[in-house]
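Per the working numbering, the sequence shown starts with residue 88, numbered consecutively. Glycine included, each C-beta is placed from N, C-alpha and C at the ideal position. Read through the structure below, which is laid out as structure tokens, and then see the notes.
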Amino acid sequence: MIRLAIVNDYELVVAGVAAMLSDDRHRIQVTALDPQASSLDGVDVVLYDTFGPVNSSMDFLAELVRKGGAPVIVYTWKLRPDVAREALVRGASGYLSKALTGPEIADAVQAVLRGAIVVSPDVEPPETQVGGDWPGRADAELTAREAEMLTMIAAGMSNQQIADRSYLSINSVKTYIRTAYRKIGAQRRSQAVLWAVQNGFTATPDTTAATEPVRTP
Numbered sequence: 088m089i090r091l092a093i094v095n096d097y098e099l100v101v102a103g104v105a106a107m108l109s110d111d112r113h114r115i116q117v118t119a120l121d122p123q124a125s126s127l128d129g130v131d132v133v134l135y136d137t138f139g140p141v142n143s144s145m146d147f148l149a150e151l152v153r154k155g156g157a158p159v160i161v162y163t164w165k166l167r168p169d170v171a172r173e174a175l176v177r178g179a180s181g182y183l184s185k186a187l188t189g190p191e192i193a194d195a196v197q198a199v200l201r202g203a204i205v206v207s208p209d210v211e212p213p214e215t216q217v218g219g220d221w222p223g224r225a226d227a228e229l230t231a232r233e234a235e236m237l238t239m240i241a242a243g244m245s246n247q248q249i250a251d252r253s254y255l256s257i258n259s260v261k262t263y264i265r266t267a268y269r270k271i272g273a274q275r276r277s278q279a280v281l282w283a284v285q286n287g288f289t290a291t292p293d294t295t296a297a298t299e300p301v302r303t304p
């Protein structure tokens, strides 16, 4: 059982995250952590729900990291790339958007426990986003994750390889692929590959490498 501690001043936020992760309650136990706690004993992962000005939030993040004992993930609506980079420099093990679903949060928590540093795609700088902007992406109204799946499918990756590279569960990968197929009108993998190639979703070594978590130097 993973013990996930939420750092936030409001009980409603903790209850909301717990509700989002209710489908994973067999593997993740959500608790509240007193922001003034002197240590992180008894905690496997800390989810720091930021509040207040950026500078004070980053200072408090550094304090949490210094306490040691558990990796700290920032959970926020602040999706600026410079803020995400600052959080990683301060020692965060992840930077997650509050727009993520419960299963995506659960996958990210497990990836961090495996040693990964996970950053939501929508907070990465444009030059490092997966696959960039392709001719057909806007027309098909694909999300960043759906576009990421098509890029890796076009590169010949299996669903399991995609899951390993993107730090998602195999079920999450299948869900993203299904929604992407529906949007582009594909019923088979070969049709998806053809559509991806025709619309510029060609994966290069640099493109697929961008799906790996951002790591601090």
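- In this structure the stretch 183 to 195 does not touch the stretch 92 to 100; the number of beta carbon pairs closer than 8 Å is below three.
- Of the candidates M88, K165, G156, S259, K165 places its Cα closest to the Cα of T137.
- The beta strand (DSSP E) runs of length 3 or more contained entirely in the stretch 149 to 221 are, from start to end of the chain, 159 to 163, 181 to 184.
- Secondary structure note for R232: its alpha helix (DSSP H) is the uninterrupted segment 231 to 241.
- Non-local beta-carbon contacts of L148 in its own chain, meaning distances under 8 Å to residues more than five positions away in sequence, involve Y135, T137, V159, V161, A174, R177, G178, A179 in chain order.
- Here the alpha carbons of L187 and A267 stand approximately 17 Å from one another.
- Contact between P208 and R232 holds, since their C-beta atoms are separated by about 7 Å, short of 8 Å.
- Straight across, the Cα-Cα distance linking I271 with D146 is about 45 Å.
- Going by DSSP, V130 is part of no beta strand (DSSP E) at all; its letter is neither H nor E.
- Under the DSSP assignment, Q278 falls in the alpha helix (DSSP H) whose first and last residues are 276 to 285.
- Here the alpha carbon of A273 sits roughly 49 Å from the alpha carbon of D128.
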